[in-house]
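Colleague: Quick one: the structure is below, and I'll ask about it shortly.
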Amino acid sequence: MKLKNIVIALACSGLLALNVAAAPTQMHQLEFEDNITKAKIITDENELIQVEVKVNNDEQSFTFTQDELADPQVIEDKLSSLPKASADKIANLLNRINKRSKLGFNLYAEKELDPQTLLKIEKMTRLMEAKGHEMEAKAREFEIHVAKMLSHAEMMEDNEHQIDARAREFQIHIEELESHAEEMEAKAMKLEAYFEEHGEEFEIVMDNLADEISDIASQYADVQIEFIQRHSDNDSQHVFVIHGDEKSDVTEHLIQSIKHSELTEKQKQAIKDALN
């Protein structure tokens, strides 16, 4: 930035710059620029307002007198060839220039600026540059945040696709189960119809089978004898259970059990006493 130019930045949907030039035929210059419109407004010694506008590589020039500058309709008519958004911004700037002139505020060019003014301008320049760096850092942080949000959005979209796929798979399983349910229901109805037709025959067969089992069981008289053998070393015991009927030789079972048992002398004597 040249130290001989005064730059004033205003946040008004674009960047405004007020430059004081050293040309003798120019009182002050106002510049405006946004992403579409670039304009330069110059007031000369004759108090004529020269407007140079560039919109998407289309350059146009306009000239206004002080009287025309005070008439909003004249400004609107002259700027009608511009896109409405650009024309509105230029008209707003011209209106500000007109109000400033009525207040008696003007900037006069000087060939050289005094050292104190140059120091102030330099200080302002450094401050604006620092603010610019700060805004750039904030912009980078914002870009990172936006990137994270986009990443999360993509993840959510992927999860939605997975959920949809699982829902479709689950629906397939449901349909498969429903088809088997219909098949099982058909078989159950078929079996029910069979029992309705042959149920009496089945009951007769089951009754006959029960009678036969009862006859076989009634032919045997169960005999149960328990012989308990205890061991003194570990207090364990053996239990012999003998089942028999009228044809069974219970005595023989007892003799064999005694032979295969490890009886103490006391137990043997007890058996002898019982036999006597």
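As numbered in mature numbering (1 follows the signal peptide of the UniProt record, and there is no 0), residues -22 to -1, 1 to 254 make up the sequence shown, in order. Cβ coordinates follow ideal geometry from the N, Cα and C atoms, glycine included. This one's a predicted model, so the numbers in the text were calculated from it and none came from an experiment.
Within 10 angstroms of its Cβ, does K67 collect 16 or more other Cβ (buried), or is it exposed?
Modeller: So K67 counts as buried.
Colleague: Compare the C-alpha of E45 against each of I75, I152, A131 and name the closest.
Modeller: Contrary to the premise, residue 45 reads as Asp rather than Glu in this sequence. For D45, the nearest C-alpha among the options comes from I75.
Colleague: Can you give me the C-alpha to C-alpha distance between Q247 and L253, rounded to a whole angstrom?
Modeller: C-alpha separation (whole angstroms): 10 Å.
Colleague: Identify every residue that forms a DSSP beta bridge with E30.
Modeller: Answer is K18, S39.
Colleague: Closer than 6 Å: is that where the CB of K101 sits relative to any heavy atom of the ligand PLP?
Modeller: Among the components modelled here there is no ligand, and therefore nothing to report on the ligand PLP.
Colleague: Give me the Cβ distance between K32 and K16, rounded to the nearest whole Å; I'm assuming they're in contact under 8 Å.
Modeller: Confirmed, Cβ separation roughly 5 Å.
Colleague: Considering only the beta carbon of each residue, do L105 and L72 sit closer than 7 Å?
Modeller: The answer is no: Cβ separation not under 7 Å.
Colleague: Going by DSSP, what residue range makes up the alpha helix (DSSP H) through E46?
Modeller: Here the alpha helix (DSSP H) through E46 covers 44 to 47.
Colleague: Is the beta carbon of Q7 sitting closer than 7 Å to the one on I20?
Modeller: Closer than 7 Å, so yes.
Colleague: Over the uninterrupted alpha helix (DSSP H) stretch that includes E54, give me the two end residues.
Modeller: From DSSP, the alpha helix (DSSP H) with E54 extends over 50 to 56.
Colleague: A171: buried (16+ other C-beta within 10 angstroms of its C-beta) or exposed?
Modeller: Result: exposed.
Colleague: Tell me, to the nearest whole angstrom, how far the beta carbon of A65 is from that of S58; I am working on the premise that it is less than 8 Å.
Modeller: Their Cβ separation, rounded to whole angstroms, is 7 Å, which keeps A65 and S58 in contact under 8 Å.
Colleague: Quick test of your reading: E30 and K18, contact by CB under 8 Å. State the CB separation rounded to the nearest angstrom.
Modeller: Confirmed, Cβ separation roughly 5 Å.
Colleague: In angstroms with no decimal places, state the Cα-to-Cα distance between I99 and F10.
Modeller: About 20 Å.
Colleague: With 16 as the cutoff for other CB atoms within 10 Å, does L60 come out buried or exposed?
Modeller: When all chains shown are included, L60 counts as buried.
Colleague: Report the CB separation of I249 from I236 in whole angstroms; it is logged as a contact under 8 Å.
Modeller: At roughly 7 Å, the Cβ-Cβ gap stays under 8 Å, so I249 and I236 are in contact.
Colleague: Can you look up L241 in the DSSP assignment and give me helix, strand or coil?
Modeller: Three-state result, L241: coil.
Colleague: Is F148 buried or exposed, if buried means 16 or more other CB atoms sit within 10 Å of its CB?
Modeller: Under this definition F148 is an exposed residue.
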